[in-house]
Structures are given as structure tokens and as C-alpha cells.
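Peer 1: The structure that follows is given in the form of C-alpha cells.
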Amino acid sequence: MGFKMVDNIWKELNQYIINDDFIFVTDRNVYNLYKDEIDEVLNGRENIYIIPSGEINKNLEELSSIYKILIKKNIDRNGKIFCLGGGVVGDLAGFAAATYKRGIEYIQIPTTLLSQVDSSIGGKTGIDFEGHKNIIGSFHFPLTTLIDTSFIHTLPEKEITCGLGEIIKYGLIEDYNFFKNIEKNIKKIYNRDMRILPTIIEKSVDIKFTIVDKDKLDLGLRQKLNLGHTIGHSIESFFKYEKYNHGEAVILGMMYESNIAYQKKLIDKEYYNEIIGVLNTLVEQPIFNSFEIKILIEYMKNDKKNRDGKISFILPTGRGTVDLFYDVEEKLIEEAILNDYKI
Ligand SMILES: NC(=O)c1ccc[n+]([C@@H]2O[C@H](COP(=O)([O-])OP(=O)(O)OC[C@H]3O[C@@H](n4cnc5c(N)ncnc54)[C@H](O)[C@@H]3O)[C@@H](O)[C@H]2O)c1
3 MGFKMVDNIW KELNQYIIND DFIFVTDRNV YNLYKDEIDE VLNGRENIYI IPSGEINKNL
63 EELSSIYKIL IKKNIDRNGK IFCLGGGVVG DLAGFAAATY KRGIEYIQIP TTLLSQVDSS
123 IGGKTGIDFE GHKNIIGSFH FPLTTLIDTS FIHTLPEKEI TCGLGEIIKY GLIEDYNFFK
183 NIEKNIKKIY NRDMRILPTI IEKSVDIKFT IVDKDKLDLG LRQKLNLGHT IGHSIESFFK
243 YEKYNHGEAV ILGMMYESNI AYQKKLIDKE YYNEIIGVLN TLVEQPIFNS FEIKILIEYM
303 KNDKKNRDGK ISFILPTGRG TVDLFYDVEE KLIEEAILND YKI
């Protein structure tokens with residue numbers, strides 16, 4: 003388990019590919035964009051499986067197709083899977099690695115901003131099932147995560163927003179100065195300014211890695227990574243994963259959850275306005291009526307982190323600090339979601 007920032011992933015891969023005992027898993031968009039480089043690394047071998055792009059394919063059918071190619075290529079217990087893509091490829095192919103022959107090694111090569119700063123670190127693998135997100139999965143840590151920031155150049159703007167949401171989260175949960183640094187550099191991040199992006203990505207990975215390292219199986223400290231996720235997941239589910247990507251829903255979740263923290267007087271107005279001032283420019287806020295908010299709250303009640311039937315929230319408690327709360331009244335949740343965030 004570890005990560006490495008690399009200048010040229012295609013050269014780096016030569017160190018890892020020694021024989022035929024591997025498969026690459028990638029998605030259609032990534033393959034189309036990087037076909038020449040991938041084909042050169044494969045050097046005529048057909049050890050590759052390409053899934054269609056998108057969350058909807060993080061499913062049992064694609065998992066089963068990966069098992070089939072692993073068997074067809076006679077990959078043994080010393081074999082490896084290279085997961086080249088965003089969080090969907092990483093979660094799905096990582097789960098194939100976790101379960102094939104009771105677990106083989108895999109290497110994460112994240113190609114989205116979100117996967118570079120978040121999903122490729124931490125060993126959570128899994129698939130969605132019958133509309134339930136990440137309901138089947140396991141902890142299986144990659145041999146390593148190789149991060150080449152040049153992948154960011156081909157990312158659409160929406161995917162930059164998704165990664166940015168998780169980056170801002172790291173500032174809010176752990177490091178206020180980092181948050182202020184991001185606030186100052188939002189435009190440069192969208193412009194994919196390579197004078198600052200690699201440092202921001204490495205700092206984000208460091209924060210996640212340090213937290214995960216102390217709580218690998220998500221039994222305590224790691225829960226702070228869920229800021230924005232209680233409401234964020236409910237929004238993803240409400241829109242059936244079609245309207246908001248994960249990172250965008252987390253941005254909305256962080257706005258609403260910061261509002262709850264402000265209502266509960268956990269943070270002062272100045273800090274609250276700083277948070278909202280950064281987040282409210284990134285994603286268009288949906289308008290929910292009271293009936294729809296009740297549906298959102300029902301989704302929140304199904305959250306994996308809940309205890310004794312109470313919805314759990316990670317809420318900001320100060321600049322760069324958060325804590326876990328189980329005592330949030332539904333009225334506060336409703337008020338937070340109904341609030342107009344234009345300041
Ligand atoms: N395991 C974890 O700890 C963890 C943490 C956060 C999120 N996740 C999961 O990650 C997934 C979201 O990941 P994501 O945001 O990377 O989504 P994704 O994998 O769907 O990628 C987003 C889009 O970007 C495209 N793409 C990928 N790399 C590209 C590149 N370099 N240039 C152009 N296009 C590119 C993909 O084809 C896709 O269309 C969700 O399933 C979420 O549940 C997992």
C-alpha cells in the first residue's frame with residue numbers, strides 16, 4: 003500500500019509488466035483517448051478488458067466479464083490487475099482483484115481528478131447492486147497507486163468540479179490553510195495549471211492516506227472523510243445517479259451540512275460564509291419542496307454509517323476541524339436544504 007507521483011505513466015509501467023500474468027481494465031472513454039499509449043504498453047498482447055464508461059457499469063455483469071477474462075488468460079494468484087481509469091474502473095476492477103482466487107494484487111492508475119485524490123487511495127472496492135450504491139464490496143489495498151497528473155488535461159470541466167469537491171473537503175476536515183489555498187486557486191485548478199495542480203493533488207492524497215493509515219477498516223477516524231456525504235449520497239440516490247455525479251453531490255452535501263453546523267452554532271458566521279462562498283459557485287443548487295426533502299431524509303436513514311436508527315453527520319466544528327453527530331433534528335436538515343445559498 004502506498005502511492006507514487008509519476009512523470010510518465012507509460013514508461014513507469016514497463017517496470018511492472020514483466021510477463022503476461024496481468025490484465026488491464028479500463029473504460030471506453032479512457033481507451034479512446036489513450037489508445038496509442040495503451041497499445042504500446044500491451045505490445046500486441048490482448049490482456050485488456052474495456053468497460054463502457056459511467057457509474058451504471060459498476061455492476062455485477064461487468065464484474066463477471068472481468069472474471070471471465072482473468073480465467074481465459076489463466077491469470078494465477080501471482081497475477082495483477084491494472085485499473086486504468088476513474089473511480090468506476092478502480093472500484094470495479096479492484097473488487098475483481100479482491101475476490102478472484104481469494105485475492106490478487108492490483109495497481110491503481112487513476113485518470114480523473116476525483117480518483118487521483120480520493121478513490122484510488124484507501125482500499126475500498128466494490129460495485130453497485132439493484133440501485134444500492136457500493137452495497138457489495140470489500141477492503142483490498144492496492145499494491146500501489148501510480149498518479150500521473152497529465153491525465154487531467156483531457157478531463158471535462160464537470161469532472162474537475164467533482165475532484166475539486168473532495169479536495170475542498172480535505173481542507174475543511176483537516177487543514178484550514180489548505181482550504182484557503184484552494185479558495186485562492188480555483189480558477190487555476192479549472193485551467194489545469196500544472197504549476198499548482200500536482201502539489202494540490204499530492205497534499206490531498208497525503209491527507210487521505212494519513213487518515214486511512216490510522217483506521218484502515220473505517221471503524222472510527224476515517225468517518226471524517228464523510229463530510230458532505232450523508233446528504234450528498236441522498237441527492238445522488240434521489241436523482242438515480244443521473245443528474246449529479248458523486249463529487250457534485252458531495253459539494254451540495256457540504257453546503258447543507260455546513261448550514262446545519264451553523265444552525266447548531268458549531269461554527270461562526272464568518273467561517274460559514276467562507277465555506278459557502280467557495281462551494282456555491284461550483285454546482286447549480288437543486289430546488290426541493292418539503293415532500294422531496296422527506297424522501298431525501300428517508301435515503302439518509304439508510305446510510306451505512308447510522309447507529310440506533312439515528313442519521314449520522316460529520317459536521318464542521320471549527321476551521322479545519324469536524325466531528326461526528328447523531329443528534330441532528332430533521333427540522334434542521336430541512337431548513338438547510340431549503341436555504342438559499344446565494345450570498
Ligand atoms: N473507493 C473509494 O474510496 C471511493 C471514493 C470516492 C468515490 N468512489 C467512487 O468513484 C466513482 C466516481 O469516480 P470518478 O468521478 O472518477 O468517475 P468515473 O470513473 O465514472 O469517471 C468519470 C468520467 O471521466 C471519464 N474519464 C476518466 N479519465 C479520463 C481522462 N483522463 N480524460 C477524460 N475523461 C476521463 C470516464 O470515462 C467517465 O466518463 C463512483 O463510483 C464512486 O462511488 C470510490
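Mapped onto this note's numbering, the consecutive letters of the sequence shown carry residue numbers 3 to 345. For every residue, glycine included, the Cβ atom is placed at its ideal position computed from N, Cα and C. Owing to the predicted nature of the structure, the values given are computational and were not obtained by experimental measurement.
Could you check whether Glu276 and Leu317 sit closer than 8 angstroms to each other, using their CB atoms as the reference points?
Peer 2: Here residue 317 refers to the residue found at position 315 when the sequence shown is read from its first residue. Here residue 276 refers to the residue found at position 274 when the sequence shown is read from its first residue. Cβ distance not < 8 angstroms, so Leu317 and Glu276 don't count as in contact.
Peer 1: Do the segment 223–242 and the segment 19–33 meet, that is, are 3 or more Cβ pairs less than 8 angstroms apart?
Peer 2: No, the segment 223–242 does not touch the segment 19–33.
Peer 1: Per the DSSP calculation, Glu107 is bridged to which residue(s)?
Peer 2: Residue numbering aside, residue 107 sits at position 105 when the sequence shown is read from its first letter. BP columns for Glu107 point to Lys82.
Peer 1: For ligand 1, any of its heavy atoms closer than 7 angstroms to the Cβ of Lys245?
Peer 2: The residue labelled residue 245 in the question sits at position 243 within the sequence shown. Not so, every heavy atom of ligand 1 lies at least 7 angstroms from the Cβ.
Peer 1: Assign Ser55 to one of three DSSP states: helix, strand, or coil.
Peer 2: Locating residue 55 in the sequence shown gives position 53, where the first residue counts as 1. Ser55: coil per DSSP, three-state reduction.
Peer 1: Kindly examine ligand 1 and report whether one of its heavy atoms sits closer than 7 angstroms to the Cβ of Leu284.
Peer 2: The residue given as residue 284 occupies position 282 in the sequence shown. False, no ligand heavy atom lies under 7 angstroms from that Cβ.
Peer 1: Compute every distance between the C-beta of His248 and the non-hydrogen atoms of ligand 1, then say whether any falls below 7 angstroms.
Peer 2: Taking the first residue of the sequence shown as position 1, residue 248 is located at position 246. Yes, the beta carbon of His248 sits closer than 7 angstroms to at least one heavy atom of ligand 1.
Peer 1: Is it right to say Tyr36 is buried, meaning 16 or more other beta carbons lie within 10 angstroms of its own, or is it exposed?
Peer 2: Residue 36 sits at position 34 when you count from the first residue of the sequence shown. So Tyr36 counts as buried.
Peer 1: Could you tell me if Ser236 is buried or exposed, where buried requires 16 or more neighbouring beta carbons within 10 angstroms of its beta carbon?
Peer 2: What you label residue 236 is simply residue 234 of the sequence shown in a count that begins at 1. By the neighbour-count rule (16 or more Cβ atoms within 10 Å), Ser236 is buried.
Peer 1: Report the partner residues of Pro112 according to the DSSP bridge assignment.
Peer 2: Reading the sequence shown from its first residue, position 110 is the one you call residue 112. In DSSP, Pro112 forms a bridge with Gly87.
Peer 1: Would you tell me roughly how many angstroms separate the C-alpha atoms of Leu326 and Met256, rounded to the nearest one?
Peer 2: Translated into the one-based positions of the sequence shown, residue 326 becomes position 324. Translated into the one-based positions of the sequence shown, residue 256 becomes position 254. If I take the Cα positions, the gap works out to 14 angstroms.
Peer 1: Report the residue from Gly133, Glu39, Tyr102 and Met3 whose alpha carbon sits nearest the alpha carbon of Glu238.
Peer 2: To locate residue 238, count along the sequence shown from 1; it is residue 236. For the residues Gly133, Glu39, Tyr102 and Met3, the minimum Cα distance to Glu238 belongs to Gly133.
Peer 1: Could you give the first and the last residue of the continuous beta strand (DSSP E) run that contains His134?
Peer 2: The residue labelled residue 134 in the question sits at position 132 within the sequence shown. Per DSSP, His134 belongs to the beta strand (DSSP E) from His134 to Phe141.
Peer 1: Who are the Cβ neighbours of Leu199 in its own chain at under 7 angstroms, not counting the five residues just before and after it?
Peer 2: One-based indexing of the sequence shown puts residue 199 at position 197. For Leu199, where only same-chain residues beyond five positions count, the Cβ hits under 7 angstroms are Thr151, Ile154 and Ile191.
Peer 1: Can you find the residues in the same chain that come closer than 7 angstroms, C-beta to C-beta, to Ala95, ignoring five residues on each side of it along the sequence?
Peer 2: In the sequence shown, the residue the question calls residue 95 occupies position 93. Answer for Ala95: Val27, Ile68, Ile83, Cys85 and Tyr108, listed in chain order.
Peer 1: Determine the DSSP secondary structure at Arg197, reduced to helix, strand or coil.
Peer 2: Looking up residue 197 in the sequence shown gives position 195. Arg197: coil per DSSP, three-state reduction.
Peer 1: Applying the 10 Å Cβ sphere with the 16-neighbour rule, what's the burial state of Pro158?
Peer 2: For the purposes of this step, residue 158 is identified with residue 156 of the sequence shown, where counting begins at 1. Pro158 should be labelled exposed.
Peer 1: Measure the CB-CB distance between Ser117 and Gly139 and report whether it falls below 8 angstroms.
Peer 2: Along the sequence shown, read from residue 1 onward, the residue named residue 117 stands at position 115. Along the sequence shown, read from residue 1 onward, the residue named residue 139 stands at position 137. No, these two residues do not count as a Cβ contact at 8 angstroms.
Peer 1: Taking 7 angstroms as the limit between beta carbons, can you name the residues of its chain near Asn341, skipping five residues before and five after?
Peer 2: Translated into the one-based positions of the sequence shown, residue 341 becomes position 339. Excluding sequence neighbours, Asn341 sits near Asn261.
Peer 1: With Lys41 as the anchor, note down where its alpha helix (DSSP H) starts and where it stops.
Peer 2: Along the sequence shown, read from residue 1 onward, the residue named residue 41 stands at position 39. What sits at residue 41 in the sequence shown is Asp, not Lys. Residues Arg30 to Leu44.
Peer 1: So Met256 is in the beta strand (DSSP E); what residue range does that whole segment cover?
Peer 2: Translated into positions along the sequence shown, residue 256 becomes position 254. Not the beta strand (DSSP E): Met256 falls in the alpha helix (DSSP H), residues His248 to Gln265.
Peer 1: Using a threshold of 7 angstroms, is the CB atom of Val32 nearer than that to any non-hydrogen atom of ligand 1?
Peer 2: The residue you call residue 32 lines up with position 30 of the sequence shown. The answer is yes for Val32.
Peer 1: DSSP has Lys312 in a bridge; who is on the other side?
Peer 2: Position 310 of the sequence shown, counted from the first residue, corresponds to residue 312. For Lys312, which the question treats as bridged, DSSP gives the partners Arg309.
Peer 1: Can you have a look at Pro112 and say buried or exposed, based on whether 16 or more other CB atoms are within 10 angstroms of its CB?
Peer 2: If you number the sequence shown from 1, residue 112 lands on position 110. Answer is buried; the Cβ neighbour count reaches 16.
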